[in-house]
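Using numbering that gives the first Met the number 0, read the sequence shown as starting at 0 and increasing by one per residue.
Notes follow once the structure below has been shown.
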Amino acid sequence: MDTKLLDILACPICKGTLVYNKEAQELICKLDRLAYPIRDDIPVMLEDEARKLPADEEIA
């Protein structure tokens, strides 16, 4: 994931900062507890495509 791209991307819901999870290939919004997938090096920033993080899943 390009760090310049990560610097300008924001959560489409709350406009908050995203955390890159390299192992899972996801961008995570800690505030909304959503994980947006990265497919073929392209972040999919759609709420319908995001995975809801369970309360017991730790966010790095």
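Note that the Cβ used here is the ideal one computed from N, Cα and C, for glycine as well.
Quick one: is residue i near chain B, going by C-beta distance under 8 Å?
i, result
"residue 26", "Going by chain labels, chain B is absent from the structure shown, which holds only one protein chain."
How long is the line joining the alpha carbons of residue i and residue j, rounded to whole angstroms?
i, j, result
"residue 49", "residue 26", "9 Å"
"residue 34", "residue 11", "12 Å"
"residue 53", "residue 6", "26 Å"
"residue 55", "residue 3", "31 Å"
What is the DSSP secondary structure of residue i, counted as helix, strand or coil?
i, result
"residue 29", "coil"
"residue 45", "coil"
"residue 51", "strand"
"residue 7", "helix"
Using a threshold of 8 Å, state whether the C-beta atoms of residue i and residue j are closer than that.
i, j, result
"residue 16", "residue 9", "yes"
"residue 38", "residue 51", "no"
So the candidates are the options; which of them puts its Cα closest to the Cα of residue i?
i, options, result
"residue 45", "28, 3 and 20", "28"
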